[in-house]
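In short: position in the sequence shown from 1, add 41, done, that's my numbering. Heads up, the beta-carbon is just placed ideally off N, CA and C, and yes, glycines get one too.
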Amino acid sequence: MPPPKKPIHIAICGGGLGGLALAIGLLSSPHITFTIYESAPALGEIGAGVGFGANSHKAIQLISPELWDRYRTRATFNGWASKSRTWFDFSVGTGPDEGKRIIEVLMDSDETQSTVHRAHFVEELVKFLPEGVAEMSKRVVSIEQPAGEKVRILFADGTDARADAVVGADGIRSACRAFVVGDSPALLPRFTNTYAYRGLIPMDEAVAELGEEKARNRQMYLGDNGHIITFPVAKGNIMNIVAFHGAEGEWEGPWVKGDQKEGLERDFAGWGAAPSGIIKLLKSPDVWALYEHPPTPTYHNAHVALLGDAAHASTPHFGAGAGMALEDALVLSRLLPLCDGAGDIQRAFRAYDAVRVPRTQAVVRESREQGRVLDMRGEGVGADLDRLREVLDERVRWIWGVDLEEHCREAVRGFWKGGGGCGVMGWMRRCLDIWW
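Structure representation (structure tokens):
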């Protein structure tokens, strides 16, 4: 048997879906301890429903089969069994073709999709954590790592903490990001000239207005410069609505504004029966400005790495952002346990970068183009229904179809190519880890 690995302490800055998933993935490594630093007074999530596709489901299963079992108790699938593989039913929401069905995009026979309320998923994630591993009201202000020393994290309350490594999972306005990307054009998120109205409708009201099929299953209504998506949440008791619309110029004021019914009605005036019925039922929707990170060439510097929206915030037009955070957590949960002490941390983060940057940067780039397609303004597509059928059916499949087990093996191979261990024991460890 190889000797025990030298201990490592990791600071996870951010207690959202990605940070908590990483913590769970590290629980089986006895030489790794961690502390979660969360800026809020309690672990939780803002927002409403979040969608997960086949890749996200696989990531959850690989992080922890028990977590997948718990997730399924909270997840909501399409209401009809015949729609279990339906990503969305797409139809025209306005204009001369209003009401026409465009396409039903189906996942492969072994793939599924689901939605869950963010807060409900966090409740399940927290149940896996040991007592005392999370500290609340710890908003990160800055990070520093003097040469040859541990990483120092400075908090807004005047305290600090030290760790062998830091994983910044602190969202799109990440304070950890500055340490990684520096004062570069990639530092700050940028407005995407799109905003989204969000709200919830009791399912019985939605059924009365739209009928069973459209209320209980995932729908998308496309129009010029906007689109509306609906899907069931809360085990089918609530319909979640997100209505996207294009904007001119820069966004003014807070990123989230409440009580925006008047703006919603103005932006979607003249849309067809189903979209208008949805808008009528929304009582007091919020509007969210949609931001993304500019192209980012790396997610790590020294002993600090970024995860999820802190690394690669994107528009939600693939419904893939939260799933990418889970994939990040999965890969890091495979790489960090390979480290034999703090001296291997950079090797792990380089291997993480090598597999995660290309995939997630493609999601950021292609998601924005997907938004243009859904607003009937895609290059070479526009409002041509035949072209829309082709494009909508093909654009998302590369996200769902990734082989995450091979993705992790590629990262592990990258770790060992960077060194790590010598002699017989090092060789044995490499063989075992790559074989996994």
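**Study point:** Which residues DSSP lists as bridging Asp201, in chain order
**Key:** Numbered from its first residue, the sequence shown carries residue 201 at position 160. Per DSSP, Leu195.
Exercise for review: Please report the residue range of the beta strand (DSSP E) in which Asp130 lies.
Suggested key: Residue numbering aside, residue 130 sits at position 89 when the sequence shown is read from its first letter. Thr127 to Val133 is the extent of the beta strand (DSSP E) around Asp130.
Review point. Roughly how many angstroms separate the alpha carbons of Pro71 and Leu429, rounded to a whole number?
Key: Here residue 71 corresponds to residue number 30 of the sequence shown, with the count starting at 1. Here residue 429 corresponds to residue number 388 of the sequence shown, with the count starting at 1. Roughly 51 Å between the two C-alpha positions.
Check your understanding: So which of Thr235, Ser125 and Val274 has the shortest CA-CA distance to Leu241?
Key -> What you label residue 241 is simply residue 200 of the sequence shown in a count that begins at 1. Measuring from the Cα of Leu241, the nearest candidate turns out to be Val274.
Practice item. Quick one: which unbroken beta strand (DSSP E) runs of 3-plus residues sit fully inside the stretch 117-176? Chain order, please. Key: 127-133, 142-147 and 155-158
Review point. If we count the other Cβ atoms within 10 Å of its Cβ and call it buried at 16 or more, is Trp121 buried or exposed?
Key: Counted from its first residue, the sequence shown places residue 121 at position 80. Trp121 is exposed by the Cβ-count criterion.
Review point. Who are Glu185's beta bridge partners in DSSP?
Key: Along the sequence shown, one-based indexing puts residue 185 at 144. Per DSSP, Arg193.
Review point. Lys324: buried (16+ other C-beta within 10 angstroms of its C-beta) or exposed?
Key: Counting from one through the sequence shown, the residue named residue 324 turns up at place 283. Flag for Lys324 reads exposed.
Check your understanding: Got a sec? Which residues, its chain only, sit under 6 Å from Phe169 by beta carbon, not counting five neighbours each side?
Key -> Locating residue 169 in the sequence shown gives position 128, counting from the first residue. Excluding residues within five positions, the ones whose Cβ falls inside 6 Å are Ile65.
Check your understanding: Are the beta-carbon atoms belonging to Gln174 and Leu61 less than 8 Å from one another?
Key -> Within the sequence shown, residue 174 is the residue found at index 133, counting from 1. Within the sequence shown, residue 61 is the residue found at index 20, counting from 1. Strictly speaking, residue 174 in this sequence is Val, with Gln absent from that position. Not a contact, by the Cβ cut-off of 8 Å.
Exercise for review: Check Asn266 in the structure and name its three-state DSSP category.
Suggested key: In the sequence shown, the residue the question calls residue 266 occupies position 225. Here Asn266 sits in coil by DSSP.
Practice item. Just tell me which of Trp457, Leu426 and Asp416 has its CA closest to the CA of Ala389. Key: As a working mapping, residue 389 is identified with position 348 in the sequence shown. The shortest C-alpha separation from Ala389 is found at Trp457.
Point to revise | Those runs of the beta strand (DSSP E) which lie wholly inside the stretch 59-124 and span at least 3 residues | key: 73-78 and 90-93
Review point. Would Ala52 be called buried (16 or more neighbouring beta carbons within 10 Å of its own) or exposed?
Key: Position 11 of the sequence shown holds residue 52. Classification of Ala52: buried, given that the 10 Å Cβ count is 16 or more.
Practice item. Counting only the same chain and skipping the five closest in sequence on each side, list residues whose C-beta sits under 6 Å from that of Ala352. Key: Walking along the sequence shown from the start, residue 352 turns up at place 311. Closer than 6 Å at the Cβ level, and outside the excluded window around Ala352, lie Tyr340.
**Study point:** Local conformation of Cys380 per DSSP, three classes
**Key:** Your numbering for residue 380 matches position 339 in the sequence shown. It is coil, neither helix nor strand.
Check your understanding: Is DSSP giving Gln301 helix, strand or coil here?
Key -> As a working note, residue 301 is residue 260 in the sequence shown. Reduced to three states, the DSSP call for Gln301 is coil.
Review point. What is the residue span of the alpha helix (DSSP H) that Asp385 lies within?
Key: Mapped onto the sequence shown, residue 385 falls at position 344. Careful: Asp385 lies outside any alpha helix (DSSP H) and carries neither H nor E.
Review point. Do you know whose CA, among Asp265, Ser132 and Tyr112, lies nearest Glu165's CA?
Key: Position 124 of the sequence shown, counting from 1, holds the residue named residue 165. The candidate whose alpha carbon is nearest that of Glu165 is Tyr112.
**Study point:** Neighbourhood of Trp128 by C-beta, 8 Å cutoff - its chain only, sequence neighbours within 5 removed
**Key:** Reading the sequence shown from its first residue, position 87 is the one you call residue 128. So the list reads Gly94, Val146, Leu147, Met148, Gln154, Arg259 and Val437, once near-sequence residues are dropped.
Exercise for review: Check Cys449 in the structure and name its three-state DSSP category.
Suggested key: Within the sequence shown, the letter at position 408 stands for residue 449. Helix at Cys449.
Check your understanding: Can you list, in chain order, the residues of its chain whose CB lies under 7 Å from that of Gly56, leaving out five sequence neighbours each side?
Key -> Indexing the sequence shown from 1 puts residue 56 at position 15. Contacts found: Ile77, Glu79, Leu84 and Ala175.
Check your understanding: What does DSSP give as the partner residues of Arg239 in its beta bridges?
Key -> Here the question's residue 239 lines up with position 198 in the sequence shown. DSSP output for Arg239 lists Val283 and Asp327 as bridge partner(s).
Check your understanding: Going by alpha carbons, who is nearest to Leu63 out of Glu306, Thr156, Asn278 and Val372?
Key -> Numbered from its first residue, the sequence shown carries residue 63 at position 22. The option with the nearest alpha carbon to Leu63 is Val372.
Exercise for review: Following the continuous beta strand (DSSP E) through Gly209, name the residue where it begins and the one where it ends.
Suggested key: Numbered from its first residue, the sequence shown carries residue 209 at position 168. It spans Ala206 to Gly209 - the beta strand (DSSP E) in which Gly209 sits, taken as one unbroken run.
Review point. In whole angstroms, what is the alpha-carbon distance linking Trp476 and Ile49?
Key: Mapped onto the sequence shown, residue 476 falls at position 435. Mapped onto the sequence shown, residue 49 falls at position 8. Here the model assigns Trp476 a pLDDT of 43, short of 50, so the residue's position is not dependable and the matter cannot be decided.
Point to revise | Between the CA atoms of Phe272 and Glu250 - distance to the nearest angstrom | key: Along the sequence shown, read from residue 1 onward, the residue named residue 250 stands at position 209. Along the sequence shown, read from residue 1 onward, the residue named residue 272 stands at position 231. The alpha-carbon atoms of Glu250 and Phe272 are separated by roughly 15 Å.
**Study point:** Inter-residue CB distance, Gly496 and Val396 (contact presumed, cutoff 8 Å)
**Key:** In this structure the chain extends from 42 to 477, so residue 496 is not present and cannot be described.
**Study point:** With 16 other Cβ atoms within 10 Å as the buried cut-off, status of Met177
**Key:** Residue 177 sits at position 136 when you count from the first residue of the sequence shown. Exposed.
**Study point:** Member of Val182, Ala370 and Tyr236 whose CA lies at the smallest distance from the CA of Val297
**Key:** Along the sequence shown, one-based indexing puts residue 297 at 256. For the residues Val182, Ala370 and Tyr236, the minimum Cα distance to Val297 belongs to Tyr236.
**Study point:** Where the beta strand (DSSP E) through Ile51 begins and ends
**Key:** Along the sequence shown, one-based indexing puts residue 51 at 10. Ile51 -> beta strand (DSSP E) spans Ile49 to Cys54.
Practice item. Spell out the partners DSSP gives Pro399 in its beta bridges. Key: Mapped onto the sequence shown, residue 399 falls at position 358. The partner list for Pro399 (beta bridge, DSSP) is empty, contrary to what the question assumes.
Review point. His341 by DSSP, collapsed to three states: which one?
Key: In the sequence shown, counting from the first residue as 1, residue 341 sits at position 300. His341 falls in the strand class under three-state DSSP.
Review point. Would you call Thr401 buried or exposed, if buried means 16 or more other Cβ atoms sit within 10 Å of its Cβ?
Key: Looking up residue 401 in the sequence shown gives position 360. When all chains shown are included, Thr401 counts as buried.
Review point. How far does the alpha helix (DSSP H) with Ile213 in it reach, from first residue to last?
Key: By 1-based counting over the sequence shown, the position of residue 213 is 172. Per DSSP, Ile213 belongs to no alpha helix (DSSP H) and is neither H nor E.
Point to revise | Classification of Arg257 by the beta-carbon crowding that lies within 10 angstroms, buried from 16 upward | key: Here residue 257 refers to the residue found at position 216 when the sequence shown is read from its first residue. By the neighbour-count rule (16 or more Cβ atoms within 10 Å), Arg257 is buried.
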